[in-house]
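Quick notes on the structure that follows.
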Amino acid sequence: MGLYYEYLCGVSNTVMMKVQHIILFVCLNIFFMQAQAQQLKDNVSFIAHINPPNPDPSGIALSKTGRIFLGFPRHADNHTQFALAELVNEQLIPFPDSSFIYPSAKPYKEWLVSPHGMYMDKNDVLWILDDGKRAGIQEIPEGAAKVVAIDINTKRIVHTLVIPANVLSSNAHYNDLRVDLTHGAKGTVYIANSGFGERYSLVVIDVASGKTREVLLNQPSTSPESKFMAFLEGKPHVADMQKQTFPQGGADGIALSPDSKKLFWTAISSRNLYSINTDTLSNFSLDETTIEKAVMFEGQHPACDGLAEDDKGNIYFGAFEQQSIVKRTPDGECQLLAHNAANFVWPDGLAYHGGYVYVTLGQWNRLAGFNNGKDLRKPPYLVAKIKAD
-5 MGLYYEYLCG VSNTVMMKVQ HIILFVCLNI FFMQAQAQQL KDNVSFIAHI
45 NPPNPDPSGI ALSKTGRIFL GFPRHADNHT QFALAELVNE QLIPFPDSSF
95 IYPSAKPYKE WLVSPHGMYM DKNDVLWILD DGKRAGIQEI PEGAAKVVAI
145 DINTKRIVHT LVIPANVLSS NAHYNDLRVD LTHGAKGTVY IANSGFGERY
195 SLVVIDVASG KTREVLLNQP STSPESKFMA FLEGKPHVAD MQKQTFPQGG
245 ADGIALSPDS KKLFWTAISS RNLYSINTDT LSNFSLDETT IEKAVMFEGQ
295 HPACDGLAED DKGNIYFGAF EQQSIVKRTP DGECQLLAHN AANFVWPDGL
345 AYHGGYVYVT LGQWNRLAGF NNGKDLRKPP YLVAKIKAD
């Protein structure tokens, strides 16, 4: 009897130890998950809270010293406020002057109609992509769609590159850009066209001559995936150009390698990352077939809008399904930098500076046009700063 009792006690102690180990394992996992969640939360600060009548921002760019510039497009909301501003101590300062950034009766090339993508080069010249589109107006008139370069220190406009009639299309959405100063006498501009209609492509502009061409028109690398499906704020949406319930389209996010030898891009309705050698893309003598054959598939990524890049070759994605910011290293590894279900509603424009990623949180999926005429956006509109390491 005594031996039997000792046996039962031994079994009981073993079981208890296993239960204790399981409880400890569960508790440690909860602790580490909470710690990770807190760390992801601590990575984020909100540097702007923008309320109406100020408009919803999209593009963002930073100077060498950390000056922050924001663009306010009119393609989704034909507002009458400024189109470009500098963010100073959470205050929006119209930039460069009121005659250039408010709606005007002047020729379209002389004012910002609807600035979207923005890029700051190494000389602190701010390059702005004006898609030329205003909500409620079908046509994009010649002169409205353009690239404008502004020296931020002198406020002087150093380039105005109009997308010419032989390339311009009202079905195009000139969405984002990068500027390559290593090709062409004064540089080469690469534009991602995500399409207001079913027209998707890259556009290339030689800065010195103004020569412009459209390439990869409606090719697989620049087009949305067929029947693309995305989860937005917990609800599934299937892409349909005839009944759009969320932002969709082709080539959108764009990034340039640190040595300017490779251009990357994504489609907003896709999870595929593509690239091309800039020696090829910037060469106006090469035909379309040669350019198509030079496109490289770089793997998949979270569905996103804008991209940012740093000087180490990392690319940053605003993952609109996961309401997160994701970092992709040059070897293709993906890392979660930040997640915020409450506030990361449609991460849009991204920029990198000094170890941080900056992102505008546009809430574009909440626009009235995607929600049966009801604007579901909830001001303030936010700009976040996220530790990238």
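Counting with my numbering, you get residues -5 to 383 for the letters of the sequence shown. Quick reminder that beta carbons are idealized off the backbone N, C-alpha and C, glycines included. Just so it is clear, the structure is predicted and the values come from calculations on it, not from any experiment.
Classify residue i as helix, strand or coil using the three-state DSSP reduction.
i: Ser98; result: coil
i: Phe364; result: helix
i: Ile285; result: helix
i: Asp305; result: coil
i: Lys127; result: coil
i: Lys381; result: strand
i: Lys103; result: helix
i: Asn187; result: strand
i: Asn83; result: coil
i: Asn359; result: helix
i: Ser269; result: strand
i: Ser92; result: helix
i: His43; result: strand
i: Glu192; result: coil
i: Gly111; result: strand
i: Leu280; result: coil
i: Thr148; result: coil
i: Lys229; result: strand
i: Asp369; result: coil
i: Asn169; result: strand
i: Ala336; result: coil
i: Phe76; result: coil
i: Phe240; result: coil
For the beta strand (DSSP E) containing residue i, name the first residue and the last one.
i: Leu64; result: Ile62 to Gly65
i: Leu226; result: Met223 to Leu226
i: Asp246; result: Ala245 to Leu250
i: Thr272; result: Note, Thr272: premise wrong, no beta strand (DSSP E); alpha helix (DSSP H) at Thr272 to Leu275.
i: Trp259; result: Lys256 to Ala261
i: Val161; result: First-last for Val161: undefined, no H or E at that position.
i: Met384; result: Past the boundaries of the shown model lies residue 384; the chain is included only from -5 to 383, so the question cannot be answered.
i: Glu136; result: Premise fails: Glu136 is in no beta strand (DSSP E) and is neither H nor E.
i: Thr176; result: Here Thr176 belongs to no beta strand (DSSP E), and DSSP marks it neither H nor E.
i: Arg322; result: Ser318 to Arg322
i: Asp342; result: Pro341 to His347
i: Leu210; result: From DSSP, Leu210 is part of no beta strand (DSSP E); its letter is neither H nor E.
i: Gln329; result: Cys328 to His333
By the DSSP assignment, the alpha helix (DSSP H) with residue i in it spans what residues?
i: Asp118; result: Per DSSP, Asp118 belongs to no alpha helix (DSSP H) and is neither H nor E.
Below 7 Å CB to CB, which residues in the same chain sit around residue i once its five sequence neighbours on both sides are set aside?
i: Asp71; result: Pro49, Asp50 and Ala129
i: Glu327; result: none
i: Asn337; result: Leu355 and Leu376
i: Ala179; result: Ala202
i: Glu282; result: Val209
i: Phe76; result: Phe66, Pro88, Ile95 and Tyr96
i: Met364; result: Here residue 364 is Phe; the residue named in the question, Met, does not match the sequence. Once the five neighbours on either side are set aside, the close Cβ partners of Phe364 are Gln238, Thr239 and Phe240.
Return the residue from the list the options that minimises the CA-CA distance to residue i.
i: Ile185; options: Ala139, Asn147 and Gly178; result: Ala139
i: Ser251; options: Val232, Glu219, Arg265 and Lys306; result: Lys306
i: Pro218; options: Ala261, Phe225 and Gly53; result: Ala261
i: Ile131; options: His295, Phe190 and Arg207; result: Phe190
i: Arg322; options: Asn359, Ala249, Lys180 and Ser254; result: Ala249
i: Gly247; options: Phe40, Ser52, Asn37 and Ile44; result: Ser52
i: Lys149; options: Ser108, Gly181 and Leu78; result: Leu78
i: Ile134; options: Val119, Phe278, Phe76 and Leu106; result: Leu106
i: Gly367; options: Phe40, Gln238, Thr182 and Gln75; result: Gln238
i: Ala99; options: Thr74, Val156 and Phe63; result: Thr74
i: Gln357; options: Glu292, Phe89 and Leu226; result: Leu226
i: Gln45; options: Leu86, Ala224 and Asn37; result: Checking the sequence shown, residue 45 turns out to be Asn, not Gln. With distances taken between Cα atoms, Asn45 lies closest to Leu86.
i: Ala143; options: Ile151, Thr206 and Gly137; result: Ile151
i: Val201; options: Arg207, Glu192 and Gly181; result: Gly181
i: Gly228; options: Leu280, Lys58, Phe314 and Ala55; result: Phe314
i: Ile146; options: Leu155, Phe240 and Phe63; result: Phe63
i: Glu80; options: Lys103, Leu370 and Ala42; result: Ala42
i: Trp259; options: Ile285, Ala382 and Asn187; result: Asn187
i: Asn212; options: Phe40, Ala166 and Ala224; result: Ala166
Cutting at 8 Å between CB atoms, please list the residues of its own chain near residue i, excluding the five before and the five after it.
i: Phe25; result: Residue placement at Phe25 is flagged as unreliable, the pLDDT there being 43, under the threshold of 50; a coordinate-derived value is accordingly withheld.
i: His177; result: Ser254, Thr272, Asp273 and Ser276
i: Arg265; result: Glu219, Gln294, His295, Pro296 and Ala297
i: Leu(-3); result: Residue placement at Leu(-3) is flagged as unreliable, the pLDDT there being 44, under the threshold of 50; the coordinate-derived value follows with that caveat. Here the set comprises nothing.
i: Pro373; result: Ile44, Asn45 and Pro46
i: Pro324; result: Lys306, Gly307 and Asn308
i: Lys256; result: Leu250, Ser269, Ile270, Asn271 and Thr272
Among residues of its own chain, excluding the 5 on either side of residue i, which ones have a beta-carbon nearer than 6 Å to its beta-carbon?
i: Tyr346; result: Ala302 and Asp304
i: Ile122; result: Pro109, Met112 and Val142
i: Ala335; result: Gln317
For the 8 Å Cβ check, are there 3 or more pairs between the stretch 226 to 233 and the stretch 266 to 273? no
Segment contact, 8 Å Cβ cut-off, at least three pairs: the stretch 114 to 123 with the stretch 158 to 166: No, the stretch 114 to 123 does not touch the stretch 158 to 166.
Pairs of beta-carbons, one from the stretch 296 to 303 and one from the stretch 335 to 342, closer than 8 Å: are there three or more? yes
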